[in-house]
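These notes are about the structure you will find just below.
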């Protein structure tokens, strides 16, 4: 017995170490498993929703809509995203979802060049992808759910013309200079302003989807262009960031602020008269619709390619308007 005892024990320890190493690597590759594994086992599908920023209040609304629909349909929804905007981390989360072989992926197509190959990889692996909030139309994604961002930008531009009478100098604070949805919102705004030659855009700065940076860039714009008469923000945190600076400088009511989204802080600034108006999207509807469409797809049903949620201009006089009736425009192409 003594002759073989140590070799056998050594061999068993080696095997145990190899198994530990293997599953450690797999756990790293696949990321965190669902917290409620027992509950997940009884759910029909496992969807991965990847946001631009996991703690962003706008994305909290998207997730709330997705979670409500998923719970109703007995679907497990895994919500992931970078703490701060980080395209590389976003792509790594998508790669882990592909490796984990989730049943469906719902994600932004933030940057066509970076996201298209990963979206295509998922679809080619048999995992359907629906883009949300920001489309990747040249990828193999199955459908898009969200705002028609160029049209929303034009809508914002037309509202700016109305608010300013078509004259003045405008500074833009945009969430990103690279994200497709932000680019489209700026371009639509510029194209609308082309109809008013006396309304000039004098600065375009990026907030990197950060309230702090939105404030810093607003301060910079006002220092560089003290004759600014209007500000336009294209992401949810830009409005509150701009408003904080304008209020601190004692310029409330003197500078027109047009923002995006209907965060509670944004609505409070509208009531206070600091923000003039905001382009309200429908993130809760985006979240719920993306879940329901993915479920239909996995059940073998045809779904529209474009599922466009409406936007609404909110001002102090219509803040109480019921936005749950905002319509959905469905198109196949």
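Residue numbers (this note's numbering): 29 to 361.
Where is the CB? At the ideal position from N, CA and C, for every residue including glycine.
Three Cβ pairs or more, each shorter than 8 Å: is that satisfied between the stretch 174–185 and the stretch 203–222?
Touching, yes.
Closest by CA to residue 231, which one among 208, 202, 112?
Start at 1 with the first residue of the chain shown, and residue 231 comes out as number 203. Distance from the Cα of residue 231 is smallest, within the candidate group 208, 202, 112, for 202.
Quick one: is residue 252 buried, meaning 16 or more other Cβ sit within 10 Å of its Cβ, or exposed?
Mapped onto the chain shown, residue 252 falls at position 224. That one is exposed.
Given this structure, state the Cα-to-Cα distance separating residue 348 from residue 263, to the nearest angstrom.
Residue mapping note: residue 348 aligns to position 320 of the chain shown, counting from 1. Residue mapping note: residue 263 aligns to position 235 of the chain shown, counting from 1. If you draw a straight line from the Cα of residue 348 to the Cα of residue 263, it comes to about 22 Å.
Should the stretch 88–97 be called in touch with the stretch 310–324, which here means at least 3 C-beta pairs below 8 Å?
Yes: at least three Cβ pairs fall under 8 Å.
Would the beta-carbon of residue 196 fall within 8 Å of that of residue 257?
Translated into the one-based positions of the chain shown, residue 196 becomes position 168. Translated into the one-based positions of the chain shown, residue 257 becomes position 229. Taking 8 Å as the Cβ cut-off, residue 196 and residue 257 qualify as a contacting pair.
Have a look at 188, 250, 245 and flag the residue whose alpha-carbon is nearest the alpha-carbon of residue 222.
Sequence index remark: in the chain shown, residue 222 carries index 194 (1-based). With respect to the C-alpha of residue 222, the residue from 188, 250, 245 having the closest C-alpha is 188.
Within this structure, are the beta carbons of residue 331 and residue 340 separated by less than 8 Å?
Start at 1 with the first residue of the chain shown, and residue 331 comes out as number 303. Start at 1 with the first residue of the chain shown, and residue 340 comes out as number 312. No, the pair does not count as a contact, with Cβ atoms beyond the cut-off.
Neighbourhood of residue 115 by C-beta distance below 7 Å, restricted to the same chain and skipping five residues each side
Residue numbering aside, residue 115 sits at position 87 when the chain shown is read from its first letter. Within the same chain, Cβ atoms closer than 7 Å to the Cβ of residue 115 are found at 138, 139, 142, the five residues on either side in sequence being excluded.
Beta-carbon proximity of residue 298 to residue 342, cut-off 8 Å:
What you label residue 298 is simply residue 270 of the chain shown in a count that begins at 1. What you label residue 342 is simply residue 314 of the chain shown in a count that begins at 1. Residue 298 places its beta carbon less than 8 Å from that of residue 342.
How big is the Cα-Cα spacing for residue 73 and residue 320?
Within the chain shown, numbered from 1, the residue matching residue 73 stands at position 45. Within the chain shown, numbered from 1, the residue matching residue 320 stands at position 292. It is roughly 12 Å from the alpha-carbon of residue 73 to the alpha-carbon of residue 320.
Give me the residue from 267, 122, 241 with the minimum Cα distance to residue 290.
As a first step, residue 290 is located in the chain shown; it is residue number 262 there, counting from the start. 267 is the residue among 267, 122, 241 whose C-alpha sits nearest the C-alpha of residue 290.
Between which residues of its own chain and residue 163 is the CB-CB distance below 6 Å, once the five residues before and five after are set aside?
Here residue 163 refers to the residue found at position 135 when the chain shown is read from its first residue. Closer than 6 Å at Cβ, skipping near neighbours: 137, 172.
Give me the DSSP bridge partner(s) of residue 341.
To locate residue 341, count along the chain shown from 1; it is residue 313. DSSP output for residue 341 lists 307 as bridge partner(s).
Terminal residues of the continuous alpha helix (DSSP H) containing residue 91?
Locating residue 91 in the chain shown gives position 63, where the first residue counts as 1. Looking at the DSSP string, the run of the alpha helix (DSSP H) that includes residue 91 is 85–100.
When 145, 243, 177 are compared against residue 169, the one with the closest alpha-carbon
The count along the chain shown starts at 1 and reaches residue 169 at position 141. Taking only the C-alpha atoms, the option nearest residue 169 is 145.
Taking the beta strand (DSSP E) that residue 206 falls in, what are its first and last residues?
Indexing the chain shown from 1 puts residue 206 at position 178. In the DSSP annotation of this structure, residue 206 is not part of any beta strand (DSSP E), being labelled neither H nor E.
Classify residue 58 as buried or exposed, calling it buried when 16 or more other Cβ atoms lie within 10 Å of its own Cβ.
Counting from 1 along the chain shown, the entry for residue 58 is found at position 30. Here the model assigns residue 58 a pLDDT of 39, short of 50, so the residue's position is not dependable and the matter cannot be decided.
How far does the beta strand (DSSP E) with residue 175 in it extend, from its first residue to its last?
Residue numbering aside, residue 175 sits at position 147 when the chain shown is read from its first letter. Following the DSSP letters along the chain, one finds residue 175 inside the beta strand (DSSP E) bounded by residues 171–175.
From the DSSP secondary-structure annotation, give me the bridge partner or partners of residue 108.
As a working note, residue 108 is residue 80 in the chain shown. Partner(s): 78.
Can you give the Cα-Cα distance for residue 151 and residue 157, rounded to whole angstroms?
On the chain shown, residue 151 is found 123 positions in, with the first residue counted as 1. On the chain shown, residue 157 is found 129 positions in, with the first residue counted as 1. Cα to Cα, the separation comes out at about 7 Å.
Distance, Cα to Cα, residue 328 vs residue 322?
Mapped onto the chain shown, residue 328 falls at position 300. Mapped onto the chain shown, residue 322 falls at position 294. Between residue 328 and residue 322, the C-alpha separation is close to 10 Å.
When DSSP labels each residue in this structure, what does residue 286 get in the three-state scheme?
By 1-based counting over the chain shown, the position of residue 286 is 258. It is a strand residue.
Quick one: using the 10 Å Cβ neighbour count with 16 as the cut-off for buried, is residue 240 buried or exposed?
Position 212 of the chain shown, counted from the first residue, corresponds to residue 240. Classification for residue 240: exposed.
Between 287, 177, 210, 208, which has its C-alpha nearest residue 336's C-alpha?
Residue numbering aside, residue 336 sits at position 308 when the chain shown is read from its first letter. Residue 336 has its Cα closest to that of 177, out of 287, 177, 210, 208.
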